[in-house]
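Asker:
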Amino acid sequence: MSSRSSSRGHSVWTLLVTGLAVFMAALDNLVVITALPAIQESLDTSLQDLEWTVNAYTLAFAVFLMAGAAAGDRFGRRRMFVVGLVVFTAASAACAMADTSEQLIVARAVQGFGAAIVMPLTLTLLTVAVPARRRGLALGIWGALSGLAVALGPLIGGAVVEKISWEWIFWVNVPIGVVVLALSLWKLAESKLPESPLDPVGTVLVSVGMFGVVYALVRTTEHGWASGEVLTYLIGGVVFLVAFVAWEVRTPHPMLPMRLFRNRSFSAVNAASLLMFAAMFGLVFLLTQFMQNIQGFSPLEAGVRMLPWTAMPVLVAPLAALLTARFGNRLVVAVGLLFEAVGLGWLASVTRVHTDYADQVPGLVLGGIGLGLFFAPVAEMAMNIVSRRDQGVASGANNTFRELGGVLGVAVLTSVFTAQGGYGSPQEFVDGLVPASWIGAGIAALGCLSILAAPRRSKEKQGAWQESGSRDAEESPDAGRLEPSHQ
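With the first letter of the sequence shown counted as 1, position 46 gets the number 50 in the working numbering; the numbers rise by one all the way through.
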């Protein structure tokens, strides 16, 4: 077998393994939401414990993403990927076997920790393994699988809860995790950065800072933004994050080089990711409740009715790849955010207590097209605008901003919802949902403006460092060991 054929086979296997892993990890962001009523009934949980069933996963995920990416660069991406898979799979089984809400919350936190290691490394492993000329297609498929997980989250959650039991939304991860683990050990090549020392001080500072900020955000739904507890954690988290930035500027071996943020494209990509996920997750959280509690749909029926929004990315992904080849990632990502904003605005304008589902469909479709135009192009853009040496930390940073956006979106839109309405009656629910939807549309529109702040640059220039410094790497599965070329 020629070296080129061997490299192509390695790329395909890496795409399969990382695609399955990202599907599994992304699925857990949404699959639990439709199961919450069943979990509450089965474990007799309070509303606060029910919220923490979602928040424990999100909190651990957001806090440890940067550390997971850095550990992959230092100790080996395949090695840490395998560790993350083992933790995630074992924690999924623990979630399924939980007898109390406390056990479930702890297991969900451990599950989020495992996902925080796996998620950023899927993107880094794939970028290293796939030659530059085929990277756009590979990242397009990666993005489509991430979008498919978002699409099937409410649907799978609803179907499993309705037809089997809520425990099986966690048991389903176990066979997938075992298969991905076996394929990882068999087919993935190891890659890491040479002489990549750890940054323990930076790791502690960013982890504590992220914990403070994210914990404060998830507590706003219960205590409000002005409560002493929320402000204490929020201010404390911000102080630690400022200390993290100050340390990263001074240390010779930073886990997140602050020079990356001098690149307007890097800053714009991360801002756009945060805002898109804030708009999407914030509204999905409220809309699935509207469909079940107000419109009277079962969990499965609600999941099916969300498909025009959540399944559209799978259909749009091939079109997104063609458009990025013609117009570049920046413009396609901006158009995706614009579609998302228009879709959420449509939903806000038609939502009533007795809204016909047919009236919601155009908004759901527009939002879904927006997601499809966003996922893969923004991932490719995030990888192309940094040197090979910085791809691990860039992936960790981008995933951190995305996850933080999801937490922020749920917190902000839920706060708007509770300030303007509530759960007291159908009309009260709609009174809160409508302004929350408009805020979500505004957040997506702001994301569109943020990505347009990135400098206009051709795709060839974005990937110039790849072509100039990694032609030999196209034939080598250990490409991640190469030093970066200068942009």
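Just so it is clear, CB atoms sit at the ideal spot from N, CA and C, and this is done for glycine as well.
Since this is a predicted model, take the numbers as computed values, not measurements.
Hey, how far is the Cα of threonine 292 from the Cα of valine 253?
Answerer: The count along the sequence shown starts at 1 and reaches residue 292 at position 288. The count along the sequence shown starts at 1 and reaches residue 253 at position 249. Near 43 Å, if we compare the C-alpha coordinates of valine 253 and threonine 292.
Asker: From what residue to what residue does the alpha helix (DSSP H) around asparagine 297 run?
Answerer: The sequence position of residue 297 within the sequence shown is 293, counting from 1. Element bounds for asparagine 297: n/a, residue is neither H nor E.
Asker: Can you give the beta carbon distance from isoleucine 298 to valine 357, rounded, assuming they're within the 8 Å contact cut?
Answerer: Numbered from 1 along the sequence shown, position 294 holds the residue referred to as residue 298. Numbered from 1 along the sequence shown, position 353 holds the residue referred to as residue 357. That belief holds up - the Cβ atoms of isoleucine 298 and valine 357 are roughly 7 Å apart, short of 8 Å.
Asker: Which same chain residues end up closer than 7 Å to glutamine 364 when comparing Cβ atoms and leaving out the 5 residues on each side of it in sequence?
Answerer: Sequence index remark: in the sequence shown, residue 364 carries index 360 (1-based). Excluding positions up to five away in sequence, the list reads Leu351 and Val354.
Asker: May I have the straight-line CA-CA distance separating threonine 131 from serine 46, to the nearest angstrom?
Answerer: Position 127 of the sequence shown, counted from the start, is the residue given in the question as residue 131. Position 42 of the sequence shown, counted from the start, is the residue given in the question as residue 46. Spanning the two alpha carbons is a distance of roughly 43 Å.
Asker: Does any heavy atom of the ligand ADP sit closer than 7 Å to the C-beta of serine 399?
Answerer: The ligand ADP is not part of the structure shown, which contains no ligands of any sort.
Asker: Rounding to the nearest angstrom, what Cα-Cα distance links glutamine 466 and glycine 332 in this structure?
Answerer: Counting from 1 along the sequence shown, the entry for residue 466 is found at position 462. Counting from 1 along the sequence shown, the entry for residue 332 is found at position 328. Only weak support exists for where glutamine 466 lies, its pLDDT of 43 falling under 50; the coordinates are left without a value.
Asker: My output table needs one value for valine 243: the three-state DSSP class, helix, strand or coil.
Answerer: As a first step, residue 243 is located in the sequence shown; it is residue number 239 there, counting from the start. In this structure, valine 243 counts as helix in the three-state DSSP scheme.
Asker: Can the beta-carbon of tryptophan 251 be found closer than 8 Å to that of glycine 349?
Answerer: Position 247 of the sequence shown, counted from the start, is the residue given in the question as residue 251. Position 345 of the sequence shown, counted from the start, is the residue given in the question as residue 349. Their beta carbons are not under 8 Å apart, which means tryptophan 251 does not touch glycine 349 by this criterion.
Asker: Put asparagine 403 into one of helix, strand or coil per three-state DSSP.
Answerer: Here residue 403 corresponds to residue number 399 of the sequence shown, with the count starting at 1. Note: asparagine 403 maps to helix in three-state DSSP.
Asker: When we look at the beta-carbon of arginine 263 and count the other beta-carbons within 10 Å, is it buried (16 or more) or exposed?
Answerer: Position 259 of the sequence shown holds residue 263. It is exposed - the Cβ of arginine 263 has fewer than 16 other Cβ atoms within 10 Å.
Asker: So, for valine 21: in the same chain, excluding its five sequence neighbours on each side, which residues have a beta-carbon less than 7 Å away from its beta-carbon?
Answerer: By one-based count along the sequence shown, residue 21 stands at place 17. Once the five neighbours on either side are set aside, the close Cβ partners of valine 21 are Val184, Leu187, Ser188, Lys191 and Leu192.
Asker: Roughly how many angstroms lie between the CA atoms of glycine 340 and proline 312, to the nearest whole one?
Answerer: Here the question's residue 340 lines up with position 336 in the sequence shown. Here the question's residue 312 lines up with position 308 in the sequence shown. Taking the CA atoms as reference points, glycine 340 sits about 15 Å from proline 312.
Asker: Within the continuous alpha helix (DSSP H) that includes threonine 128, where are the two ends?
Answerer: Mapped onto the sequence shown, residue 128 falls at position 124. Run containing threonine 128: 105 to 133, per the alpha helix (DSSP H) assignment.
Asker: Run the CB neighbour count on arginine 268, radius 10 Å, all protein chains shown included, and call it buried at 16 or more, exposed below.
Answerer: Stepping through the sequence shown from its first residue, residue 268 is reached at position 264. Burial call: exposed.
Asker: Buried or exposed: which applies to serine 15, given that a residue is buried once 16 or more other Cβ atoms fall within 10 Å of its Cβ?
Answerer: As a first step, residue 15 is located in the sequence shown; it is residue number 11 there, counting from the start. By the 10 Å Cβ count, serine 15 comes out buried.
Asker: Just to confirm, are phenylalanine 289 and methionine 295 a CB contact at a threshold of 8 Å?
Answerer: Position 285 of the sequence shown, counted from the first residue, corresponds to residue 289. Position 291 of the sequence shown, counted from the first residue, corresponds to residue 295. Phenylalanine 289 places its beta carbon 8 Å or farther from that of methionine 295.
Asker: Kindly indicate which residue of Glu233, Phe68 and Ala60 has the alpha-carbon position closest to the one of alanine 120.
Answerer: Along the sequence shown, one-based indexing puts residue 120 at 116. It is Phe68.
Asker: Between the Cα of valine 182 and the Cα atoms of Glu194, Val90 and Glu407, which residue gives the shortest distance?
Answerer: On the sequence shown, position 178 is the one that residue 182 refers to. It is Val90.
Asker: Rounded to a whole number of angstroms, what is the C-alpha to C-alpha distance between serine 277 and glutamate 106?
Answerer: Counted from its first residue, the sequence shown places residue 277 at position 273. Counted from its first residue, the sequence shown places residue 106 at position 102. Each residue's alpha carbon lies about 32 Å from the other.
Asker: Near leucine 279, what residues of its chain come up, given a Cβ to Cβ distance below 6 Å and the 5 sequence neighbours on each side ignored?
Answerer: Along the sequence shown, one-based indexing puts residue 279 at 275. Only Ile447, Leu450 and Gly451 meet the Cβ criterion.
Asker: Looking at C-alpha atoms only, which residue of Met123, Thr128 and Thr93 is the closest neighbour of alanine 111?
Answerer: Position 107 of the sequence shown, counted from the start, is the residue given in the question as residue 111. Among Met123, Thr128 and Thr93, the Cα nearest to that of alanine 111 is on Thr93.
Asker: In chain order, which continuous runs of the alpha helix (DSSP H) of length 4 or greater are located wholly inside the stretch 340 to 413?
Answerer: 361 to 388
Asker: If methionine 316 and glycine 376 are in contact, beta carbons under 8 Å, what's the gap, nearest whole angstrom?
Answerer: Numbered from its first residue, the sequence shown carries residue 316 at position 312. Numbered from its first residue, the sequence shown carries residue 376 at position 372. Going by Cβ atoms, the distance from methionine 316 to glycine 376 rounds to 5 Å, so yes, they are a contact pair.
Asker: Under 6 Å Cβ to Cβ from alanine 98, same chain only, skipping five residues before and after it: list those, please.
Answerer: What you label residue 98 is simply residue 94 of the sequence shown in a count that begins at 1. Excluding sequence neighbours, alanine 98 sits near Ala111.
Asker: So, threonine 38 versus glycine 162, is the Cβ gap smaller than 8 Å?
Answerer: The sequence position of residue 38 within the sequence shown is 34, counting from 1. The sequence position of residue 162 within the sequence shown is 158, counting from 1. Less than 8 Å divides the Cβ of threonine 38 from the Cβ of glycine 162.
Asker: Any idea if phenylalanine 499 is buried or exposed, counting beta-carbon neighbours within 10 angstroms, 16 or more meaning buried?
Answerer: Since the first residue shown for the chain is 5 and the last is 491, residue 499 is missing from the structure and cannot be characterised.
Asker: Would you verify that the beta carbon of arginine 82 is, or is not, closer than 8 Å to some beta carbon of chain D?
Answerer: In the structure shown, chain D cannot be found, because there is only a single protein chain.
Asker: Using 10 angstroms around the beta-carbon of arginine 309, count the other beta-carbons present and answer buried if the total reaches 16, otherwise exposed.
Answerer: For the purposes of this step, residue 309 is taken as the residue at position 305 of the sequence shown. So arginine 309 counts as buried.
Asker: Taking its Cβ as the centre, do 16 or more other Cβ atoms sit within 10 Å of proline 459, making it buried, or is it exposed?
Answerer: Indexing the sequence shown from 1 puts residue 459 at position 455. The residue is exposed, with fewer than 16 neighbouring Cβ atoms inside 10 Å.
Asker: Identify whether asparagine 267 lies in helix, strand or coil by the three-state DSSP scheme.
Answerer: In the sequence shown, residue 267 corresponds to position 263, counting from 1. Residue state, collapsed to three classes: coil.
Asker: Per DSSP, what kind of secondary structure is proline 439 in: helix, strand or coil?
Answerer: To locate residue 439, count along the sequence shown from 1; it is residue 435. Of the three classes helix, strand and coil, the one that applies to proline 439 here is helix, per DSSP.
Asker: Here's the rule: buried if 16 or more other CB atoms are within 10 angstroms of the residue's CB, otherwise exposed. What is aspartate 394?
Answerer: Within the sequence shown, numbered from 1, the residue matching residue 394 stands at position 390. Result: buried.
Asker: Beta-carbon within less than 7 Å of serine 454's beta-carbon, same chain only, minus the 5 sequence neighbours each way: which residues are those?
Answerer: Reading the sequence shown from its first residue, position 450 is the one you call residue 454. Result list for serine 454: Ala272, Ala275, Ala276 and Leu279, in chain order.
Asker: Can you round the beta-carbon distance between valine 218 and leucine 63 to whole angstroms, since I take them to be within the 8 Å contact cut?
Answerer: In the sequence shown, residue 218 corresponds to position 214, counting from 1. In the sequence shown, residue 63 corresponds to position 59, counting from 1. About 5 Å separates the two Cβ atoms, so the contact holds.
Asker: Less than 6 Å between C-beta atoms, sequence neighbours within five positions excluded: which residues of the same chain meet that for tyrosine 237?
Answerer: Position 233 of the sequence shown holds residue 237. Only Gly216, Tyr219 and Ala220 meet the Cβ criterion.
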